[in-house]
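Residue numbers (full-length UniProt numbering), protein chains in the order written: chain L, 1 to 362; chain B, 1 to 362. Built from N, CA and C at the ideal position, the CB exists for glycine as well. Only a predicted model underlies this, so the values are computations on that prediction, with no experimental measurement involved.
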DNA sequence: CTGTTAGCGCGTTCAA
DNA sequence: TTGAACGCGCTAACAG
């Protein structure tokens, strides 16, 4: 009744377990005849290697863990999708652990990964470097993917939120907006704070008064924040939202209130999740090639793991902080530009004018 | 340098490994004093139990596997989200294995799960019962979640696709449509085929000529199919799409072509993914409470596992095929109804009139 | 109450 | 080329 083990196969094939192991793992030197007999026995017994046991003896799980924060949405789906695609190319499985609203929870999740994974992606913005270091007793390879740009010495991939926010404000300015509000992400979230900081800086540089309402990165809060904005005495003709989901919520709120977009108010999001191109008006946003970033993160983690297995340290570049520069994608939620936009780094940006027809992924 | 093991802790605390195990697992009888000493040693050595090793000796991984098909999207994201939430309540981790476009790939993925998980969700519509049975050597608890309604004796959760399709056609009919086309999902996909069959039946019952174009469940194919529909000589005033993503693609295609929805053509989708409520016009669709279905599936799988650990068979109900009945959600992509709609099972349906204001999830 | 020992299923030396 | 024995890290009997 119970699944066959390697010893069952050995007995059936009249050989030792060592030979079975060798034959099945292809590598070593085995007589063609005995190998054939072993394979037949394995087939007959429907033998399937026990990954757990194998992991224990090889100290290699071929599994990677992902520590996610509480909030969910298209951003993380896309990221995981990109990672997953790359993972199977490299022969790895993915184990996800989400819903970590607090730092302790995330730390516990990280600890529970020991002996279960070969490496870890940490996406929880709540957990700070100190807690992380404590939780990481064991030198598990890791790739950090939460906001704090290079504040840790661990390998990481971060988005240039500040630059992206600047580009958003610049674009709104260039298209004629004079009074730009910001619907921010939740306080305490590093990504949200960096985007807010970028907004404040850009506004200060332009000599404009900032106007901030706090949301929580979910679509509902974007809706509510937009209503709050409309209820306030202060006028505005442009809104930069901390992410796309809030921007979509805002778009709907404006629509319900009879406020036209982009004529009356222009809206810019952040992330370029797939939905952004599907709403009307199409959402102008800062594109992060999400799935590709996920793929890239996976490559780096695998690189670390392989390096650790072989030599000592990973190649120099792999221990650095890689930064992803968002790209402004102009759709119809903002008006036509009247002057040249500048990229986050000051050089001419690769601005993408996105046509209506882009909505074909098939 | 290497992580501390239980023996390091035992040595440090001057006790045996057994005592350490007992102290850490809380259960047994240990003197308060020695327990305290052990905990201190564990703390000092930053000891973290090795889940892999523990799994091997307890033959319990506390991990559940999910075998996903190739296509990704909001539907699966939502489902996984629901599962994940429930999983951590039950103390389980989730390991995902996606991108299985063919039956062999899915079977291989299932095999590779041995020794890695305590149970499995199979969502790949490509794998048939025969292959599945072969791959499942080992009596691993499983919950099937692909279209084939009850064709297997394994526990499963299936959507009443046929009934949902009937409801969609009935609704279009009730709102005055006379010529209803169908954008179908990919051939070979059980869900897609069941929805197509339901459409064909309902059309036949109404004495109408069917009109089918095949898509692939992605948004792009919905866009292309709608264009194909418009290019064809045959007129139509309603479209039932195999899923929401294709419906959204179709919506955009109509918009681009200047065809008004719902005035010129009414559109109905299937699934009620989160985006469905966010596009304009709001998409009328058949709601599957996706996250909740995921939660339910998890409960059933855990129920099976616990039953297998304890007694013999799971409770009778857990080995059955549970069916999820989609609920018609009327938004603005279809016109106002002029007569009463009937539910899939013939009784008055719990039709939900969804207001504009529903777009607040916060 | 605690320590010793035997597996869990597999990879991998080391002899033969 | 093959086999016997050990170890991966931990839990669970069985003694003491």
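- [ ] Given a cut-off of 8 Å, decide if residue 34 (chain B) and residue 15 (chain B) are closer than it, judged by their beta-carbon atoms.
- [x] Yes, the pair counts as a contact, with Cβ atoms nearer than the cut-off.
Open item on the list: Under 8 Å, Cβ to Cβ, is there at least one residue of chain L near residue 260 (chain B)?
Closed with: Using a CB distance cut-off of 8 Å, residue 260 (chain B) does not count as an interface residue toward chain L.
Open item on the list: On the DSSP letters alone, give me the boundaries of the alpha helix (DSSP H) that residue 77 (chain B) sits inside.
Closed with: DSSP places residue 77 (chain B) inside the alpha helix (DSSP H), whose first and last residues are 74-89.
TODO: List the whole-angstrom C-beta distance separating residue 298 (chain L) from residue 87 (chain L), where the pair is believed to meet the contact cut-off of C-beta under 8 Å.
DONE: Residue 298 (chain L) to residue 87 (chain L), Cβ: 6 Å. Contact.
TODO: Mind the definition here: the segment 47-63 of chain L touches the segment 50-62 of chain B only if three or more C-beta pairs lie below 8 Å; say whether that holds.
DONE: For the pair of segments examined, the segment 47-63 of chain L was found to touch the segment 50-62 of chain B: the number of CB pairs separated by less than 8 Å reaches three.
Task: residue 254 (chain B): first and last residue of the uninterrupted beta strand (DSSP E) it sits in - done: Run containing residue 254 (chain B): none in the beta strand (DSSP E); it sits in the alpha helix (DSSP H), 244-257.
Open item on the list: Any beta carbon of chain B sitting closer than 8 Å to that of residue 96 (chain L)?
Closed with: At least one chain B Cβ lies under 8 Å of residue 96 (chain L).
Task: Backbone secondary structure at residue 221 (chain L) - three-state DSSP - done: DSSP places residue 221 (chain L) in helix when its eight states are reduced to three.
Task: Boundaries of the alpha helix (DSSP H) in which residue 301 (chain B) is found, first to last residue - done: 290-309 is the extent of the alpha helix (DSSP H) around residue 301 (chain B).
Open item on the list: Could you check whether residue 65 (chain B) and residue 9 (chain B) sit closer than 8 Å to each other, using their CB atoms as the reference points?
Closed with: Contact annotation: residue 9 (chain B) and residue 65 (chain B) have beta-carbon atoms that are not nearer than 8 Å.
TODO: Answer with yes or no whether the minimum CB distance from residue 295 (chain L) to chain B is below 8 Å.
DONE: Closer than 8 Å: no.
Open item on the list: Quick test of the definition: if touching needs 3 or more C-beta pairs under 8 Å, does the segment 227-239 of chain L touch the segment 189-199 of chain L?
Closed with: Segments in contact, no.
Task: Amino acids of chain B, ordered along the chain, whose beta-carbon sits closer than 9 Å to that of residue 279 (chain L) - done: Chain B residues near residue 279 (chain L): 275, 278, 279 and 280.
- [ ] For residue 248 (chain B), go through chain L and note every residue whose CB falls closer than 8 Å to its CB, in chain order.
- [x] The answer, in chain order, is 278.
Open item on the list: Just verifying my parser: in three-state terms, what is the DSSP assignment at residue 444 (chain B)?
Closed with: Residue numbering for chain B in the displayed model covers 1 to 362; residue 444 (chain B) lies beyond these limits and cannot be assessed.
- [ ] Kindly indicate which three-state DSSP category residue 102 (chain B) falls into: helix, strand or coil?
- [x] Residue state, collapsed to three classes: coil.
Task: Cβ distance (whole Å) where residue 183 (chain L) is taken to contact residue 203 (chain L) below 8 Å - done: Wrong, their Cβ atoms sit about 14 Å apart, outside the cutoff.
Open item on the list: Just checking: is the beta-carbon of residue 112 (chain L) within a distance shorter than 8 Å of some beta-carbon in chain B?
Closed with: Yes - at least one Cβ of chain B is within 8 Å of the one on residue 112 (chain L).
- [ ] Taking residue 281 (chain L) and residue 160 (chain L) to be in contact with their CB atoms under 8 Å, please state how far apart those CB atoms are, rounded to whole angstroms.
- [x] Not quite, the Cβ-Cβ distance comes to about 26 Å (not below 8 Å), so this is no contact.
- [ ] For chain B, find out if any of its Cβ atoms is closer than 8 Å to the Cβ of residue 48 (chain L); answer yes or no.
- [x] Yes - at least one Cβ of chain B is within 8 Å of the one on residue 48 (chain L).
Task: Residue(s) in a DSSP beta bridge with residue 182 (chain B) - done: B:212 and B:240, per the DSSP bridge assignment.
Task: Residue range of the beta strand (DSSP E) that includes residue 285 (chain L) - done: It spans 285-287 - the beta strand (DSSP E) in which residue 285 (chain L) sits, taken as one unbroken run.
TODO: Would you check if there are 3 or more beta carbon pairs closer than 8 Å linking the segment 243-253 of chain B to the segment 291-311 of chain B?
DONE: They do not touch, by the three-pair rule.
- [ ] Could you please give me the residues that DSSP links to residue 261 (chain B) through a beta bridge?
- [x] Answer by DSSP bridge pairing: none, since residue 261 (chain B) is not bridged.
Open item on the list: Counting C-beta neighbours from all protein chains within 10 Å, is the total for residue 38 (chain B) 16 or more, i.e. buried, or is it exposed?
Closed with: Under this definition residue 38 (chain B) is a buried residue.
Task: Host beta strand (DSSP E) of residue 66 (chain B) (start-end) - done: Unbroken beta strand (DSSP E) run through residue 66 (chain B): 63-69.
Open item on the list: Would you call the segment 158-176 of chain B in contact with the segment 209-217 of chain B, where contact means no fewer than 3 C-beta pairs closer than 8 Å?
Closed with: No, because fewer than three Cβ pairs between the segment 158-176 of chain B and the segment 209-217 of chain B fall closer than 8 Å, the two stretches do not touch.
Open item on the list: For chain B, check one thing: does any of its Cβ atoms lie closer than 8 Å to the Cβ of residue 132 (chain L)?
Closed with: No - not a single Cβ of chain B is within 8 Å of the one on residue 132 (chain L).
Open item on the list: At the 8 Å Cβ level, is residue 103 (chain L) part of the contact set with chain B, yes or no?
Closed with: For residue 103 (chain L), not one C-beta of chain B is nearer than 8 Å to its own C-beta.
- [ ] Within the same chain, show all residues whose beta-carbon is closer than 6 Å to that of residue 96 (chain B), passing over the 5 residues directly before and after it, in chain order.
- [x] 66.
TODO: Give the residues of chain L in contact with residue 53 (chain B), contact being defined as C-beta atoms less than 7 Å apart.
DONE: Here the neighbours are 56 and 115.
TODO: Show which residues of chain L have a CB atom less than 7 Å away from the CB atom of residue 72 (chain B).
DONE: Those are 81, listed as they occur along chain L.
TODO: Determine contact between the segment 259-269 of chain L and the segment 164-173 of chain L, defined as no fewer than three beta-carbon pairs at a distance below 8 Å.
DONE: A contact exists between the segment 259-269 of chain L and the segment 164-173 of chain L.
- [ ] Give a yes or no on whether the minimum CB-CB distance between residue 284 (chain B) and chain L is below 8 Å.
- [x] Taking Cβ atoms only, chain L never reaches closer than 8 Å to residue 284 (chain B), which makes this a no.
TODO: Tell whether a beta-carbon distance below 8 Å holds between residue 250 (chain B) and residue 222 (chain B).
DONE: Yes; because the gap between Cβ atoms is below 8 Å, this pair is in contact.
TODO: With DSSP collapsed to three states, give me the class of residue 52 (chain L).
DONE: DSSP, reduced to helix, strand and coil, places residue 52 (chain L) within a helical segment of the structure shown.
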